[in-house]
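Trainee: Residue numbers (the working numbering): 7 to 96. The C-beta atom is built at its ideal place from N, Cα and C for all residues, glycine as well.
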């Protein structure tokens, strides 16, 4: 069976195909927007901790502004895990 580029692309996890630089820029822009007076993510996390995150728009904002950070952390964890497993083998 031949490994075509399309087949290889489908077998590679999405997180591995996303450039680290893109995730970093997304986290620093969308993840922290708006910058003033306070990033939405911090505001929504305060509401979540306080138990007052009840409106659907607030939940959407939380998901929208936290997604770049979650992806960035997943990418960094994947890089760290690969580097660590490579050291143990070699």
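(1) Once you ignore the five residues that flank residue 68 on each side, which residues in its own chain have a CB closer than 6 Å to its CB?
(2) Check each candidate in 63, 29 and 36 and name the one with the smallest Cα separation from residue 79.
(3) Determine the direct distance from the alpha carbon of residue 26 to that of residue 52, and round the result to whole angstroms.
(4) How would you label residue 37, buried or exposed, when you count the other beta carbons within 10 angstroms and need 16 or more for buried?
(5) CA-CA distance, residue 41 and residue 58?
Mentor: Reading off the structure:
(1) So the qualifying residues of the chain are 50.
(2) 29
(3) 28 Å
(4) When all chains shown are included, residue 37 counts as buried.
(5) 22 Å
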